[in-house]
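Written below as structure tokens is the structure these notes are about.
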Amino acid sequence: MSMRMRRQLSEWLTAYVFLSPYLFTFGVFTVFAVCRAFYLSFTKYDLFSPPQWVGLKNYILLFRKEEFIKHALPNTLKYVAGVVPTQTIISLIVAFALDQEIKFRRFFRTFFYVPSVTSSVVISLIFMWLFSKVGAVNYILGMLGLPSDINWLTSTTWALPTIMMVNIWSTIGTMMLIFLAALQDIPTEYYEAAMIDGASRFQIFLHVTIPLLRPAIFFVVTMGLIGCFQVFDQIYVMTAGGPLDSTLTIAYLVYKAAFRSTTPRVGYASAVAFVLAVMIFISTMIQRRIIEAEE
Amino acid sequence: MRSKLLAVVALLALVAMAVACAPPTPEKVVETVVVTKEVPVEVTKIVEVTKEVVKEVEKPRVEVRLSGWTASPEEENLLRASLYEFSLQHPDIVVKYEPITEAYWDKMLTMVSAGTEPDIYYMDIFQFPFYASKGVMLPLDDLMAKTGTKREDFIDTLIDAFTWEGKTYGIPKDFNTLALFYNKKMFADAGLAEPTDDWTWDDLKAAAKALSKPEENIYGFGVPPDPGRFPIFVFQNGGHIMTEDFSDTLLDSPEVIEAAEFYTSFRKEGIGAIPADVGVGWQGEAFGKGDFAMVLEGGWLIPYLTKQFPDTEFGAVMPPAGPKGEGNLIFTVAYVISKNCKNPEAAWEVINYLTGIENQTTVLRTGFALPSRKALLDDPYFDEHPVSATIFRGAEIGTPFMWGLHGSDVNEQMAKALERVYLEGVSCEEAFKEAAKNLREIFKE
């Protein structure tokens, strides 16, 4: 073998040796698991007997059953439509504000980021207490003269918005951090040029900052979409899908069908999981097209 | 040269990891001693006699894995103490206690599916039909015969619940039923006579009316949309939730609808409430706080109240009888042996000890759980603890909390039906007819 080939070979060998732990984990826990879940979605499987092949029955069933079409799917879509824009816009505004030279800037940045590093279970428990009928939220509403006896988490109209509020509050920090980093990258000359041209603060924000933040916005919205489509933690801790399925999301439906049924329906759960994966994939593709079309 | 060295180091690291992850091999030591003796014989022949002496071979120690959930650190310590006592009596059986602290059923499902489940584990009556129908547990009748343990030693409703196709699959370790807990002070302040075991639905309604003060957020009776409470009203009205073979539901039968109308009437008339109405998570907390004067709860309420609300004086009676008599729910857990257990006799010894009269008496005296043996019906503990005695007697008239292979769906539809009545003002008939319809669709899948 020539010197060059030997060097290349040894480089490849080194690379694969270093990659092998991750490749092994990835292969077993992701690739194999996804393939097996795909296979299981065409079977009826209760974990204790071998899977029985049923073809497309699970997919047909899930589109016919009320729990998916009438509850899980609309709830998840409502959740995504509510949380993603809100968390993006609020975190963008907060990041812009904290990029200015104001007093206690460091403190505010930490302060806004703390919810993101707190366990979502702990946050859910605290918010359950805050939003109870005799909790702090109702107390404040009462002081402001607004109706103050709403049972937030046991009301079919308010349970999902409450969970949305919890999630927006806890994810603003992470998004804010991403936007802050992107804002640092905008050269000050652009701002100076705009100000010389007589642009107002708001016009600068709209026509200089936002276009230059496009990659960051794309990232934040994509991560937001992927995360929101899979919302599970808060549902598991706060409402278990209730009341009357008003907070049932697709990810929680997967868990419920597989683990919370006396006779596990793993095949059905796998089918639901795959439909969710396809939905996330499609929405990410659409979002990418929109961003690319604008450029 | 450098990259080669790095590659070798990385490979070694991988190998080291693989070796470290290998399971340890157990050691077994058996001793035999051989003695040879030469015996001189007055004949031309010299005969060598070998005498083999086998010295005290230690019975091979057998390992048995036991698992279950942990209700509290105190209960776990109690079980460990029992297992220690057991190890003194059976030095050849080593019990490895591996409690599962959370998501017990999720873990059990995956372990049994993979064949790695423990030898002995807890089985709740609610999950029992699924596990039994799949044949993942060992029938215990032969093992019971070997130690002379009889089914008749245990309370009938409990041991029958863990029987499948004529075979015993679990030995009930303890149980709980519902009792009507009442706040003594609230009754005294209202000048009402305390409830008795002879109470009926009418007495309950009247007392709830007299004790309610909705302006102060105080209600006479807790009526959560809970499938672990509502069914006793169905039983008291002479009805059932499912048919006897669990193939169909009876949620749309008139007995159920009448029971539902009675149950939901409390909140409708402002003399009962659900826990969320007073801002708490469950009615036990509302009872402790004095927001609910009466609640239907089980024995778990006793340690909760003594710990969290020691100033609340309470008493308990059997749930009030309905138009067709008394009714109650039995929540029970049994020890079962896995079908893959390699040492069933040893596993049975453990269960036999833990459910034996000696251990059950110890457990009873701690007040953590009610025993499943008939012999303990007259234990002096019950004279000093009348509330526990009431809950214990509930087993005589109770129905096991189990709805067959689709129990979770039945629970869900029952809860949703009650929620629909409470939150959307739907009539009981409509709500329960819909619940029955949904269940029949699920059964057909």
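These protein sequence lines are chains A and B, in that order.
Take the first sequence: its letter number 109 is residue 1394 in the numbering used here, and every next letter is one higher.
Take the second sequence: its letter number 239 is residue 225 in the numbering used here, and every next letter is one higher.
Note that CB positions come from ideal geometry on N, CA and C, so glycine has one too.
From a predicted model like this one, the values you see are computed outputs, not experimental measurements.
{"Item": "If contact is defined by three or more beta carbon pairs under 8 Å, each pair taking one atom from either stretch, is the stretch 309 to 329 of chain B in contact with the stretch 56 to 72 of chain B?", "Value": "no"}
{"Item": "Answer yes or no: does any C-beta atom of chain A fall closer than 8 Å to that of ASP277(B)?", "Value": "no"}
{"Item": "With C-beta atoms as the reference, is LEU1582(A) less than 8 Å away from PHE1464(A)?", "Value": "This structure gives no information on residue 1582(A), because the portion of chain A shown stretches from 1286 to 1580."}
{"Item": "Could you tell me which residues DSSP puts in a beta bridge with MET1428(A)?", "Value": "DSSP output for MET1428(A) lists no bridge partner at all."}
{"Item": "What does DSSP give as the partner residue(s) for GLN1337(A) in the beta ladder?", "Value": "LYS1329(A)"}
{"Item": "Going by DSSP, what residue range makes up the alpha helix (DSSP H) through PRO110(B)?", "Value": "Inspection of the sequence shows that residue 110(B) is occupied by Asp rather than by Pro. That residue, ASP110(B), is in no alpha helix (DSSP H); its beta strand (DSSP E) goes 106 to 110."}
{"Item": "Decide if PHE148(B) is buried, meaning its Cβ has at least 16 other Cβ atoms within 10 Å, or exposed.", "Value": "buried"}
{"Item": "Report all residues from its chain with a CB closer than 8 Å to the CB of ILE1453(A); omit the five preceding and five following residues, and keep chain order.", "Value": "VAL1368, THR1371, GLN1372 and ILE1375"}
{"Item": "Under 8 Å, do ILE227(B) and CYS414(B) count as touching if we go by C-beta distance?", "Value": "no"}
{"Item": "Under the three-state reduction of DSSP, which class applies to GLU13(B): helix, strand or coil?", "Value": "Summary for GLU13(B): the model assigns pLDDT 49, below 50, so the residue's position carries little reliability; its value from the coordinates is reported in the next sentence. Reduced to three states, the DSSP call for GLU13(B) is coil."}
{"Item": "Could you check the C-alpha separation between PRO1500(A) and THR1494(A) for me, to the nearest Å?", "Value": "12 Å"}
{"Item": "So within the stretch 1487 to 1525 of chain A, which uninterrupted beta strand (DSSP E) runs reach at least 3 residues, ignoring any that extend past its ends?", "Value": "none"}
{"Item": "Comparing the C-beta of PHE1544(A) with each C-beta of chain B, is any distance below 8 Å?", "Value": "yes"}
{"Item": "Do SER1555(A) and LEU1383(A) have their C-beta atoms within less than 8 Å of each other?", "Value": "no"}
{"Item": "CA-CA distance, GLN1385(A) and THR1403(A)?", "Value": "26 Å"}
{"Item": "May I ask which residues mark the beginning and end of the beta strand (DSSP E) holding THR298(B)?", "Value": "From DSSP, THR298(B) is part of no beta strand (DSSP E); its letter is neither H nor E."}
{"Item": "May I ask you to verify whether the stretch 1542 to 1559 of chain A touches the stretch 1433 to 1449 of chain A, counting CB pairs closer than 8 Å and requiring at least 3?", "Value": "no"}
{"Item": "Which ranges does the alpha helix (DSSP H) cover as unbroken runs of at least 4 residues, wholly within the stretch 324 to 382 of chain B, from first to last along the chain?", "Value": "330 to 340, 343 to 352 and 367 to 370"}
{"Item": "Check whether the Cβ of THR1373(A) lies closer than 8 Å to any Cβ atom in chain B.", "Value": "no"}
{"Item": "Does SER1568(A) have its Cβ less than 8 Å from a Cβ in chain B?", "Value": "no"}
{"Item": "Can you give the Cα-Cα distance for TYR1307(A) and ARG1394(A), rounded to whole angstroms?", "Value": "34 Å"}
{"Item": "Using only CA atoms, which one of ALA302(B), GLU335(B) and MET280(B) lies nearest to ALA192(B)?", "Value": "MET280(B)"}
{"Item": "Taking the continuous beta strand (DSSP E) assigned at VAL281(B), which residues delimit it?", "Value": "278 to 283"}
{"Item": "Hey, is PHE273(B)'s beta-carbon within less than 8 Å of any beta-carbon in chain A?", "Value": "no"}
{"Item": "So, using beta-carbon positions, are GLY1458(A) and TYR1398(A) closer together than 8 Å?", "Value": "yes"}
{"Item": "So, is ARG1289(A) buried or exposed, given that buried needs 16 or more other C-beta atoms within 10 angstroms?", "Value": "exposed"}
{"Item": "How is PRO227(B) classed by DSSP in three states: helix, strand or coil?", "Value": "A small fix is needed here, since residue 227(B) is Ile in this sequence, not Pro. It is coil, neither helix nor strand."}
{"Item": "Quick check: the Cα distance between ASN63(B) and PHE140(B), rounded to an integer number of angstroms?", "Value": "25 Å"}
{"Item": "Shorter than 8 Å from the beta carbon of PHE116(B) to some beta carbon of chain A?", "Value": "yes"}
{"Item": "Just to confirm, are THR133(B) and ASN338(B) a CB contact at a threshold of 8 Å?", "Value": "yes"}
{"Item": "Using DSSP with H/G/I as helix, E/B as strand and the rest coil, what is PHE232(B)?", "Value": "coil"}
{"Item": "Scan the stretch 1321 to 1337 of chain A for residues whose Cβ lies nearer than 7 Å to a Cβ of chain B and list them as they occur along the chain.", "Value": "LEU1332, PHE1333 and SER1334"}
{"Item": "Between THR143(B) and ALA381(B), which are expected to be in contact by the criterion C-beta below 8 Å, what is the C-beta distance as a whole number of angstroms?", "Value": "6 Å"}
{"Item": "Following the continuous beta strand (DSSP E) through PHE167(B), name the residue where it begins and the one where it ends.", "Value": "165 to 169"}
{"Item": "Say whether chain A places a C-beta atom closer than 8 Å to the C-beta of GLN294(B).", "Value": "no"}
{"Item": "By the DSSP assignment, the alpha helix (DSSP H) with LYS430(B) in it spans what residues?", "Value": "414 to 430"}
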